[in-house]
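Asker:
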């Protein structure tokens, strides 16, 4: 940790401050620069309260050298983490390492026919996982809020019929009790910093698909993962799904540079959601291909048999036909990087 | 609702689409422009699923004319809402109308001496409400997470001693059962779109201090208020607390134009949190004055007796001495606009 | 153009306003909605001053239906534009259509040896164009400002030696007189809305590489192109180079969804600059591949023989060795989409 | 300057790197932290090329301790700078210190009657300066581009008639020759980083009103001022005029915390433009008052006698009547802080 002092700090006060710091178990390296004194804090800085330091009257700025996350840090875990998910069909599907995970399905489960039809179609086209929302976070209290437990039951029926493991979103701690047969639990963008929920998920042993908050930095995403990992659950899949910027041609701005950035800093797998990122079905194929080219460990895609009548997110859902063509293309892109779907 | 069709839409298809729309209970006004057809949907558009329309193959763009919120809308409730909060001392303190609310206290309750000392000081200087965190949302799982229920007890002790009503943050539905004696429940910036929590707060009858999500639009803030109001609780205080932008000199960027913007669109009172917005104690006084000049119904300020040793947010906490001077100044600013503290 | 009136607009006033609008040569369609009147302006709305309408006391909001750009609009020019650039070696290199353009070279021309060496290396690896800065826009007046005319001469020497056409940046109208032998003139991100310069470039007949302003919307980029095209020069290559967002792991945030978005709205070719977008050499290869996967018509890359001693942007420059490997990879990605480098 | 090395840097290489740094005239302080080595560079770091350091294979991050601007830096010039502008009426009007500058007038000069009428009205209400655009930067090439030299002549006529000094915008180096009788030269938001123009203005001796680029950091604004100051012209007025964010209720987001931030870092005066920041006339009064409360040294306001028929920016222009009322209010706000208009 580096502490830059304000210009004009008095020697005596600096000495006193140094003693105060050393009492907290660190060694202090002193450098007198042209206009400011710089203190380097060496040793175990975990006990140092950086915020309180920033409030000290001598201090201008505190610069951290070490990342604030440990379990998610590649520095202490150089190999890629791979998340293995056994399906009801006995097949283990993986995300991470050389394995790409393709997760597909409708925004929300609407009825038995719809979910079974989409599930069958994406299975046939080669998807490894079925997604579908039962509990839906909606901006308006007057919008369709999902079928709830009934939706979950329909999703489980589709899991049974297709053999695909299922991915669905949790919106609160109390829902977890009905998630027993869910294979991958999704945390939505608006809950990435719902610390109460993250702590609870740390006690789970299921894989967590953690979506980046739409205005969160990569460090904040890794800290959210760290919350779950600190609780003992290290099976986390990170997901870039677009961030909020000044531009609004697309629903969000897909940040594909997050993929190499996250993979350099962390060992966790990283997938991409081009459906929510763009909000436009016609853009999804090009962005899905770009995601694989950028090194993503998979994609999560909204597929709907009848987007024009979907109860939510129809504008960004591709049809099973488009999905099937896209899968052919994605396999070729994967092969270029020596990866398999 | 206005629906702009794609260039080249065929007459027959447009006719079919019009019939489809009219079956949903609206009248359709047709305009043939230079390159595109524009349809005006008139009547009760509540039943129209705008997202699904956007997914229709003929549609280029859907423009809403009406705001998506009703109960929070000034159009249907022209008078300012005033939130009255009775204190344990029998005094009713108000926020809204001509009354400005000044809420002050430490970021987090640390111990009995600290909270009683700060509470006494802010009461003496003229604050109307005491704030203090018991459950703390922290970016890092390794940071101080608040004293929890013990902190709440200490806050209640300070309430009893000073007679000030208290404001404290809730982080999850399950905590509400211990909030019985809390006067104003705060929803933090990261929970503004925690819809599970908002629905629960709709069932409460306590005033809710709803902080703007740090990357949420004003419409999204009003929709979050609408979630609570739709549940039956219309005692909501909106709070601008800084938004996330490209600039990082300050912790966030305080958006003071949100005050007149919100007050034009909604009847709910709007207060400002310059402490979290700037993250810098030396900026708090000028931003608090600017907030009142911009028309805010109050401010919420972090005050700590010993910022250099605060367990959190010391850098942005002002001392009781600064707070006392600032109160004198704020009273003069309030008087210029005919308002009282 | 659609004009939404404020709630409560009086009939008589609306009538008067309608007459006023029709006098400006448009037909007005009137719709009375639930809370607001909506006017649809049909016919030639070019003469309507939308800003002045927005200032009218009856008006709440003006929504444009037509794009404000014409010459850059794909609606009126459905085929892709291809920019052909003849080199001194007699070969014509193209950007657009099935042809991908690869532009490579150092951030700034530093000396004869450097530019000749890099030029030779990128030529050998298969680049189609040589880039290099002679006039450099630098944030600090104390940083290296480029070699100026001397740099231009060295670039021309490299052009002669390699046969590659050259791309270099102009910073002001007065410099254009020395750009006679430059093949493609680059407009930097900070000059995208330097309207004085854009007008001057409209009088040129050279291809213009127009970089997106780092905080400009896609419509603004197309309007900047329109400025040049309105002057009579329609040989424009658009370039996405990263936008400014709240995140700062990378120098900017590369917005790859801009590629399909621009190509849908405009017929102009679109290339990508992953070097400036990321600011990190190790990220350039993955982002260059992603750009092609997303449908870009080419990339512009900073290549330096000795990044650790570069006079500018060393951190984002790849070596000729990395560039050569990357070219092999890019050719495979291009082939997947039926395009050639 | 602090240089953080990558984890695992080898001792021998670090030694070699240290020698390399010391050859550039600095002393290197070495700290071995838990996972990384940190080097403190002490002495005259002006000669160090921080960008090149960042490209070094051993280096993870370079942190600057000193601000990159000198002449604009309050550290080396603790007193507030006050800009004195003599008018044709012999009165000296000042911006900075205790003096607030109020600049008012139309977005663009439209005709003799308009400019004389507005000029007379704002003079009567107490404005100190007349603003008006002759050369207009417009997003569309098809919009009104200003009257050019004719507009300048009309502005000079208004200056003569009212005795008010005039403020008008320059868009390119070649225009400066006709700016001889202009009192304050404005640099617009889109030209803040037009370095060619900034260098030319450094050779002028007229006061420069430098508007913050709508997506520029405060450091970048101060670096733009430094460009002009490095050329010998230190009469600069900084202007906050709103930044671009995700929110679009207002045209831009007014960043009032920029005022205390800039005034802490620099001795230059800071004014605010609430008209362009909000784009909404009805918001201008509250934001102008907030600007003074936040410590601004003045405001620049768009005033038009007939906003509904203005050739540009009518939506954000207040009438002379509103301006007159606002001036009364601003005087009271100024008095609260011991300042005079």
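Chains as they are written, first to last, in my numbering: chain V, 32 to 372; chain Y, 32 to 372; chain R, 32 to 372; chain H, 32 to 372. From the three backbone atoms N, C-alpha and C, an ideal C-beta is built for every residue, glycine too. What you are looking at is a predicted structure, and each value in this text was computed from that prediction instead of being measured.
Excluding five sequence neighbours on each side, which residues of the same chain lie with their C-beta closer than 6 Å to the C-beta of residue 157(Y)?
Answerer: Position 126 of the second chain, counting from 1, holds the residue named residue 157(Y). Excluding sequence neighbours, residue 157(Y) sits near 358.
Asker: Taking Cβ positions only, does residue 281(H) come closer than 7 Å to chain Y?
Answerer: Indexing the fourth chain from 1 puts residue 281(H) at position 250. Taking Cβ atoms only, chain Y reaches closer than 7 Å to residue 281(H), which makes this a yes.
Asker: With DSSP collapsed to three states, give me the class of residue 180(V).
Answerer: By one-based count along the first chain, residue 180(V) stands at place 149. In the structure shown, residue 180(V) sits in a helix (DSSP, three-state: H, G or I).
Asker: Excluding the 5 residues flanking residue 110(Y) on each side, which residues of the same chain have their C-beta closer than 7 Å to its C-beta?
Answerer: One-based indexing of the second chain puts residue 110(Y) at position 79. Closer than 7 Å at Cβ, skipping near neighbours: 298.
Asker: Against residue 275(H), what residues of chain V qualify as contacts under a CB-to-CB distance less than 8 Å, listed in chain order?
Answerer: Within the fourth chain, numbered from 1, the residue matching residue 275(H) stands at position 244. The contacting residues are 277.
Asker: Is any beta-carbon of chain Y found at less than 7 Å from that of residue 94(R)?
Answerer: Position 63 of the third chain, counted from the start, is the residue given in the question as residue 94(R). Cβ-Cβ to chain Y under 7 Å: yes for residue 94(R).
Asker: Counting C-beta neighbours from all protein chains within 10 Å, is the total for residue 283(V) 16 or more, i.e. buried, or is it exposed?
Answerer: Counted from its first residue, the first chain places residue 283(V) at position 252. Answer is buried; the Cβ neighbour count reaches 16.
Asker: Looking at the unbroken beta strand (DSSP E) that takes in residue 339(H), where does it start and where does it end?
Answerer: Counted from its first residue, the fourth chain places residue 339(H) at position 308. Residue 339(H) -> no beta strand (DSSP E), and no H or E assigned at all.
Asker: Provide the residue span of the alpha helix (DSSP H) that contains residue 362(H), from first to last.
Answerer: Mapped onto the fourth chain, residue 362(H) falls at position 331. Note, residue 362(H): alpha helix (DSSP H), 351-367.
Asker: Under 7 Å, Cβ to Cβ, is there at least one residue of chain Y near residue 358(V)?
Answerer: In the first chain, the residue the question calls residue 358(V) occupies position 327. Taking Cβ atoms only, chain Y never reaches closer than 7 Å to residue 358(V), which makes this a no.
Asker: What number of angstroms, rounded off, separates the C-alpha of residue 332(H) from the C-alpha of residue 345(H)?
Answerer: Within the fourth chain, residue 332(H) is the residue found at index 301, counting from 1. Within the fourth chain, residue 345(H) is the residue found at index 314, counting from 1. Those two C-alpha atoms are separated by around 12 Å.
Asker: If I measure Cβ to Cβ from residue 233(H) and keep anything under 8 Å in the same chain, skipping five residues before and after, which residues do I get?
Answerer: Your numbering for residue 233(H) matches position 202 in the fourth chain. So the qualifying residues of the chain are 258, 259, 260, 261, 262, 263, 264.
Asker: Compile a chain-ordered list of the residues in the stretch 193-209 of chain H whose CB is closer than 9 Å to at least one CB of chain R.
Answerer: Listed by position, the residues of the stretch 193-209 of chain H near chain R (Cβ gap below 9 Å) are 202, 203, 204, 205, 206.
Asker: Contact between the stretch 88-103 of chain Y and the stretch 52-59 of chain Y: three or more CB pairs below 8 Å?
Answerer: Because the criterion of three Cβ pairs below 8 Å is not met, the stretch 88-103 of chain Y and the stretch 52-59 of chain Y do not touch.
Asker: Establish whether the CB of residue 161(Y) and some CB of chain R are separated by less than 7 Å.
Answerer: For the purposes of this step, residue 161(Y) is taken as the residue at position 130 of the second chain. By this cut-off, residue 161(Y) is not an interface position.
Asker: Using a Cβ-Cβ cut-off of 7 Å (strictly less than) and excluding sequence neighbours within five positions of residue 229(H), which residues of its own chain qualify?
Answerer: Position 198 of the fourth chain, counted from the start, is the residue given in the question as residue 229(H). Closer than 7 Å at the Cβ level, and outside the excluded window around residue 229(H), lie 255, 258, 259.
Asker: Considering only C-alpha positions, which residue in the set 63(H), 276(H), 343(H), 335(H) is nearest to residue 135(H)?
Answerer: Sequence index remark: in the fourth chain, residue 135(H) carries index 104 (1-based). Comparing Cα-Cα distances from residue 135(H) to each of 63(H), 276(H), 343(H), 335(H), the minimum goes to 335(H).
Asker: In the DSSP assignment, find the beta strand (DSSP E) that holds residue 60(V) and state where it starts and stops.
Answerer: Taking the first residue of the first chain as 1, we reach residue 60(V) at position 29. From DSSP, the beta strand (DSSP E) with residue 60(V) extends over 57-63.
Asker: What are the residues in the stretch 98-129 of chain V lying within 7 Å of chain H by C-beta distance?
Answerer: Of all residues in the stretch 98-129 of chain V, 106 have a Cβ within less than 7 Å of some Cβ in chain H.
Asker: Does DSSP put residue 112(H) in a helix, in a strand, or in coil?
Answerer: As a working note, residue 112(H) is residue 81 in the fourth chain. In this structure, residue 112(H) counts as coil in the three-state DSSP scheme.
Asker: What number of angstroms, rounded off, separates the C-alpha of residue 128(H) from the C-alpha of residue 302(H)?
Answerer: Numbered from its first residue, the fourth chain carries residue 128(H) at position 97. Numbered from its first residue, the fourth chain carries residue 302(H) at position 271. Distance between the alpha carbons of residue 128(H) and residue 302(H) is about 12 Å.
Asker: Any idea if residue 142(R) is buried or exposed, counting beta-carbon neighbours within 10 angstroms, 16 or more meaning buried?
Answerer: Along the third chain, read from residue 1 onward, the residue named residue 142(R) stands at position 111. Exposed, since its Cβ has fewer than 16 Cβ neighbours within 10 Å.
Asker: Over what stretch of residues does the alpha helix (DSSP H) that includes residue 372(H) continue unbroken?
Answerer: On the fourth chain, position 341 is the one that residue 372(H) refers to. No alpha helix (DSSP H) contains residue 372(H), which DSSP labels as neither H nor E.
Asker: Residues in its own chain within less than 6 Å of residue 276(V) by CB, not counting five upstream and five downstream?
Answerer: For this step, residue 276(V) is matched to residue 245 along the first chain. Counting only Cβ-Cβ distances below 6 Å, and skipping sequence neighbours, we find 284.
Asker: Just to check my reading of the structure: residue 179(H) and residue 139(H) have Cβ atoms closer than 8 Å, yes? What is that Cβ distance to the nearest angstrom?
Answerer: Looking up residue 179(H) in the fourth chain gives position 148. Looking up residue 139(H) in the fourth chain gives position 108. The Cβ separation is near 11 Å, so there is no contact.
Asker: With the cut-off set at 7 Å, would you say residue 240(R) and residue 293(R) are in Cβ contact?
Answerer: The sequence position of residue 240(R) within the third chain is 209, counting from 1. The sequence position of residue 293(R) within the third chain is 262, counting from 1. Their beta carbons are not under 7 Å apart, which means residue 240(R) does not touch residue 293(R) by this criterion.
Asker: Whole beta strand (DSSP E) runs in the stretch 115-195 of chain R with 3 or more residues, listed along the chain?
Answerer: Here the runs fully enclosed are 123-126, 132-136, 160-162.
Asker: Run down chain R in chain order and give the residues with a C-beta less than 7 Å from the C-beta of residue 218(Y).
Answerer: As a first step, residue 218(Y) is located in the second chain; it is residue number 187 there, counting from the start. Under the 7 Å cutoff, chain R gives no residues; its nearest Cβ is about 22 Å from residue 218(Y).
Asker: Could you pull out every residue in the same chain whose Cβ sits closer than 6 Å to the Cβ of residue 159(H), ignoring the five residues on either side in sequence?
Answerer: Start at 1 with the first residue of the fourth chain, and residue 159(H) comes out as number 128. For residue 159(H), where only same-chain residues beyond five positions count, the Cβ hits under 6 Å are 124, 132, 133.
Asker: Leaving out five residues on either side along the sequence, give the residues of the same chain with a beta carbon under 7 Å from the beta carbon of residue 186(V).
Answerer: Translated into positions along the first chain, residue 186(V) becomes position 155. Correct list, in chain order: 140, 146, 163, 165, 197, 199.
Asker: Which first and last residues belong to the alpha helix (DSSP H) in which residue 315(H) is found?
Answerer: Along the fourth chain, read from residue 1 onward, the residue named residue 315(H) stands at position 284. Residues 315-324.
Asker: Would you check if there are 3 or more beta carbon pairs closer than 8 Å linking the stretch 46-56 of chain R to the stretch 361-369 of chain V?
Answerer: Segments in contact, no.
Asker: Does residue 297(Y) come out as helix, strand or coil in the three-state DSSP assignment?
Answerer: Indexing the second chain from 1 puts residue 297(Y) at position 266. Strand at residue 297(Y).
Asker: Listing by chain order, which chain Y residues have their CB less than 9 Å from the CB of residue 186(H)?
Answerer: Within the fourth chain, residue 186(H) is the residue found at index 155, counting from 1. By Cβ distance, chain Y contributes nothing, its closest Cβ being about 30 Å from residue 186(H), past 9 Å.
Asker: Does chain Y have any CB closer than 7 Å to the CB of residue 266(V)?
Answerer: In the first chain, counting from the first residue as 1, residue 266(V) sits at position 235. No - not a single Cβ of chain Y is within 7 Å of the one on residue 266(V).
Asker: Alpha carbon to alpha carbon, how far is residue 38(Y) from residue 316(V)? Give it in angstroms, no decimals.
Answerer: As a first step, residue 316(V) must be located in the first chain, where it is residue number 285. As a first step, residue 38(Y) must be located in the second chain, where it is residue number 7. Each residue's Cα considered, the two are about 23 Å apart.
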